[in-house]
Amino acid sequence: MAQRSIKSFFKVSPPKPIVDKTEIQVNGDEVAALNGKEEKKKKVKRQRIESSESESESTNEQIPIKQEKQSPKLYASPKSKKKKILTENKNEVKSPPLKAKSSTKESQKKEVTEKITKKESPKHNLLEKAVKVEPKEEIVEKEKENVQQEKEDKKEVKVAVTEYNPAKANYDPVKDACWSKGEEVPYYALAKTLESIEATSARLKIVSILSNYYRSVIALTPEDLLPSVYLCLNQLAPAYHSLELGIAETYLMKAIGQCTGRTLAQVRGAAHKTGDLGSVAEQARATQRTMFTPPPLKLRRVFAALKEIAHMTGQASVNKKINKIQSLYVASKNQEAKYLIRSLEGKLRIGLAEQSVLQALAVATALTPPHPGGALRDQPYLLDSKKFTCEWKYDGERAQIHVPGDEQPDLGRAAIFSRNQENNTSKYPDILRRLPSLLKGDVSSCVLDCEAVAYDVRNKQILPFQVLSTRKRKDASEAEIKVQVCVFVFDLLYLNGRALVREPLAQRRRLLRTHFNAVEGEWQFATSKDCSSMEEVQQFLDEAVRGSCEGLMVKTLNGEHAKYDIARRSHNWLKLKKDYLDGVGDTIDVVVIGGYMGRGKRAGVFGGFLLACYDPDNEEYQSICKIGTGFSDEDLQTLSETLKAHQIDAPRNYYRFEGAHSPDAWFAAACVWEIRCADLSLSPAHRAAAGLVDADKGISLRFPRFVRVRDDKSPEQATSARQVAQLYLAQDQVKNQANKPTPKEDDFY
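Going letter by letter, the sequence shown gives residues -7 to 741 in my numbering.
As structure tokens, this is what we get:
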């Protein structure tokens, strides 16, 4: 190290008296430099080294220096020699400043150094080379670089996998992640995220947790974002690919049993007890020991394996699938086993809806933009400052009609897709046959958004959805079709090679009515009305209900929020159904006679219930519906505890129900609940008011939702079977088809 560097070092670090020993060993040659009180003695010893040149050249003789006992180890490698020299240099630096008293000492050190460098043996030349290769200035610079590198490494130190917490406050997408930039996302990170979501009931908190995980994926490994989204949605591909795992629960139980040494009966019993096969898999995996630790699961590889399982076909496909599942299951750890098995079941059961996933993705891309330019944000929306229109909401099935073509429409390639992008072309051959009457001569290609509704051609009336559901789902023959449909066209997305989704609704509607024909009973435009007050909306809603519709769709006509949002809900379209409003829709008082054990998030409590009305004429309780919506977590906990006090071993002989609806637990008729529903419909699966309206069918509630417990009513005071029949007959859609003969059984199911 240069003299200037030594002086600057002493300015920074004050001198301290040090009693130190430094020894240099080079294949038997020893030089001792000592400080402090023994300085005079050491001077003599150094003089002996100088005067005995022959001794220093000998490799077998030791220099007679009196010293303390030391370790007998001697290191002769050049690397070790280098280390020793560096140690001496450091000790020299730490010695007291060379002033006045140290003049003799400085000369002695110089003599020692010169003596070392003057040696002519090859080994001494090696030492000289070592000293020359790395002078002190370079060593200091390297030490600075190492310190800086350590600081940089500390910045990128990732959180331990088992400590990953996406629910953490002030989450940092890089520092709080459990993987580094460019690494594959560990499957454990997703499993931990799903576990945090399952333990949360607040929707905004769920969105926050999932967005934190997505932010880390975007910042560190954006290639794994798409598999992450698919696994959160419990899908493997877009719906139009129709790619499903197709694994029966029994096969999963078999795979778990074979991997953990349990019988199929043991696994099945545990699953029935807990209500969740995923939890059973997690507990079984936790107690399993393996001879070697398999490599940790990576998210993209799990996703690829699931897709591989879904594509397996053929005679031996079942065994291949089980083997693949076992390889994944054995490699899983902790929470990974639970959510892996749930994904294979096709049910995550954590309360994560598709809309929450989309919102989390939006939040993630806004907070951690995937490109330097950042994310664009919409202006605040005002429904009261825009012009809007109301359309009847038809009770049918979404039919998005695609007609390709260049100069002329290619009707042979026309297709019909459902709300979930499933291909329903073979279900509606009658609609495809009518296409020429819909298209005007200037249309070469188009995409139409429509609703296919069951329709009474003779009486020109809309029929209930239950009638439409009796049509064959696939490969229907037009000659065998008994239920006719009318297609209500309400939007135009594509016309003659031009996409219109960014155009305002007013423009799309004008083009729709300009280029397409309306044919009564076959093709009709959705009934609409531009409203400017709530009174007009209420009046139009009443008209829609009388016209056998579910309610209204409220849509913005102009402006930024009048564009077509594909496959998502937004303020652009608002649904207004009759059962969403107080005072609109029917409420019925029913009796709880059975309960279904909850799964996933609802495990440990009853998640669904079998309800019945009371028939005083026959003194019996008749099943009217199953219900699982309208409950908070606290409601389910309280209601389950209340109902357990009324649990019985078997149904009473005066309970009327279908065997397919047998619950996990039966209750004595004691608790009365108020239920709201959208409407009432005929059903061969329930026995309420059986024989009063239809000779064979009963009546069931459509879209029932829990309202409250009626402690003020006894079971005998619940809604009677005759009242249920009267409510059914009072519906507008039933009145509209009063003159129509009752359809045959085959027309319904």
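C-beta atoms are modelled at their ideal positions from N, C-alpha and C, and glycine is treated no differently.
Flag this pair as yes or no: are the beta carbons of P790 and A657 separated by less than 8 Å?
There is no way to answer for residue 790, as the model of the chain reaches only from -7 to 741.
Report the three-state DSSP secondary structure of H553 (helix, strand or coil).
helix
So the candidates are G651, A358, A554; which of them puts its Cα closest to the Cα of Q499?
A554
Residue burial classification, K167 (beta-carbon count within 10 angstroms, cutoff 16):
exposed
For the beta strand (DSSP E) that T621 lies in, which residues bound it at each end?
Element bounds for T621: n/a, residue is neither H nor E.
Less than 8 Å between the beta carbons of C541 and F532, yes or no?
no
For the beta strand (DSSP E) containing S234, name the first residue and the last one.
Note, S234: premise wrong, no beta strand (DSSP E); not H, not E.
From the DSSP secondary-structure annotation, give me the bridge partner or partners of R700.
E666
Closest to I314 by CA distance: which of I248, D641, N162 is it?
Restricting attention to I248, D641, N162, the CA atom closest to the CA of I314 is found in I248.
Compute the distance between the beta-carbons of P165 and A240, then report whether it is under 8 Å.
no
Which runs of the alpha helix (DSSP H), 4 residues or longer, sit entirely within the segment 209 to 277?
217 to 224, 241 to 252, 256 to 266
Please identify the residue among S193, A510, L182, I580 whose C-alpha is closest to the C-alpha of L628.
S193
Expressed to the nearest angstrom, what Euclidean distance is found between the alpha-carbon atoms of A257 and V294?
28 Å
Pairs of beta-carbons, one from the segment 418 to 437 and one from the segment 470 to 487, closer than 8 Å: are there three or more?
yes
Determine whether the beta carbon atoms of S271 and K197 lie at a separation below 8 Å.
no
Per DSSP, F517 is paired with what?
V481
State the beta-bridge partners of I454 as determined by DSSP.
The bridge partners DSSP lists for I454 are Y447.
Since Q380 is in the alpha helix (DSSP H), which residue starts that stretch and which ends it?
It is Phe, not Gln, that sits at residue 380 in the sequence shown. Counting along the chain, F380 falls outside any alpha helix (DSSP H), though it belongs to the beta strand (DSSP E) covering 380 to 385.
Close-in-space but distant-in-sequence residues of the same chain around C170 (CB under 6 Å, 5 per side omitted):
K150, V151, V153, Y156, A181
Among Y420, S319, Y486, A536, which residue has its Cα nearest to the Cα of I558?
Y486
Pull up the distance between the alpha-carbon of G683 and that of V584, whole angstroms please.
22 Å
S335 burial status per 10 Å Cβ neighbour count (16 or more: buried)
buried
Taking the alpha helix (DSSP H) that L568 belongs to, which residues open and close that run?
Counting along the chain, no alpha helix (DSSP H) covers L568; the unbroken beta strand (DSSP E) around it starts and ends at 565 to 569.
For the pair the segment 262 to 270 and the segment 305 to 325, tell me if three or more CB-CB distances fall below 8 Å.
no
Terminal residues of the alpha helix (DSSP H) in which T357 lies
346 to 359
If we ignore side chains and look at the alpha-carbon of each, how far apart do A710 and L693 end up?
15 Å
Any non-hydrogen atom of the ligand COA closer than 7 Å to A345 Cβ:
The ligand COA is not part of this structure, which contains no ligands at all.
So H678 and S615 are in contact, right, with Cβ under 8 Å, and what is the actual spacing, rounded?
5 Å
Within this structure, are the beta carbons of I333 and A273 separated by less than 8 Å?
yes
For a quick check, are the C-beta atoms of G586 and F695 less than 8 Å apart?
no
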